[in-house]
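Going by this note's numbering, the first residue of the sequence shown is number 455, and it counts up by one from there. By construction, the Cβ of each residue, glycine as well, lies at the ideal position given by its N, Cα and C atoms.
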Amino acid sequence: MNYASSSYLISYCLPDPFEVLYLMDEINNPHLTVKALRHQLYRTYEYTDYQDLSFDSTYIPTQYLSTGQYRLLETDHRMVIPMHSPIRVLIASDDVLHSWAVPALGVKTDAMPGRLNQAAFIAVRPGVYFGQCSEICGANHSFMPIVVEAVPLDHFENWSSLMLDA
C-alpha cells in the first residue's frame, strides 16, 4: 500500500473538521435560554423561555453598596439560573464590541453589534459568580460587571414567578 492511498483512507474515515467545530458549538436542548444584550453602561437580560421575564442590570456605585458587597462587581439585578441545568446565553451588543465573561463558569464570549453569539455552561454548585466585560470598550469599561447566581431549581421557579408577578 502506498502513502497516497493510506492518507486518502485516513482522511475518508475522519469527520470533516468544520463539521466537528460546528457540532462543538451547537447547544442541544438547553434547559434555559437567556439573551444578554450589552449596552454601554448596563445589560438587558431576557429569559426567552418566559413570556415577559426581562430586566436591566447595572453596577451599584460604591456609595450605595451594602456591607459585604464587592466594589465594581455588584449589580442591582443578578442573572439567576438553575444549577445542574444546561444554560444557553445568547450574547449581543447594541453599540460597540463588548464581552460576556464569567471565568468561574468557564465562559467568555464576545458581544458584537449585528451578531448574535452563544455560549453554554452548567453551574454545578450553588453560589454567586462574578464576571466583567473583558474587552476595552470605552471610558466606563470598568463599570460593567456581570453577576450570575446559581440556585436550586425550586428556588429558580419561585424567583421567576415573583419576577413575572412584579
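Check: If we ignore side chains and look at the alpha-carbon of each, how far apart do Asp619 and Asn612 end up?
Finding: Locating residue 619 in the sequence shown gives position 165, counting from the first residue. Locating residue 612 in the sequence shown gives position 158, counting from the first residue. Near 11 Å, if we compare the C-alpha coordinates of Asn612 and Asp619.
Check: Is it buried or exposed for Pro630, if we count other Cβ within 10 angstroms and need 16 for buried?
Finding: Summary: the structure shown does not reach residue 630, with the chain confined to residues 455 through 620, and so no result is reported for it.
Margin query: On the criterion of 16 or more Cβ atoms from any shown chain inside 10 Å, does Phe708 qualify as buried, or is it exposed?
Written below: A query on residue 708 cannot be resolved here, the shown segment of the chain reaching from 455 to 620 and no further.
Margin query: Let me make sure I understand the geometry here. Which of Ser511, Ile541, Tyr524 has the alpha-carbon closest to that of Asn482?
Written below: Taking the first residue of the sequence shown as 1, we reach residue 482 at position 28. Closest by alpha carbon: Ile541.
Item checked: Reference Phe610; option with closest CA among Pro536, Arg525, Tyr504 -> On the sequence shown, residue 610 is found 156 positions in, with the first residue counted as 1. The shortest C-alpha separation from Phe610 is found at Pro536.
Note to self: Taking the straight line between their C-alpha atoms, what separation do you get for Pro501 and Ser539?
What the structure shows: If you number the sequence shown from 1, residue 501 lands on position 47. If you number the sequence shown from 1, residue 539 lands on position 85. The question names Pro, but residue 501 is Tyr in the sequence shown. Spanning the two alpha carbons is a distance of roughly 15 Å.
Checklist line | Local Cβ density within 10 Å of Ile590, reported as buried at 16 or more and exposed below that | finding: Residue 590 sits at position 136 when you count from the first residue of the sequence shown. Its Cβ having fewer than 16 others within 10 Å, Ile590 is exposed.
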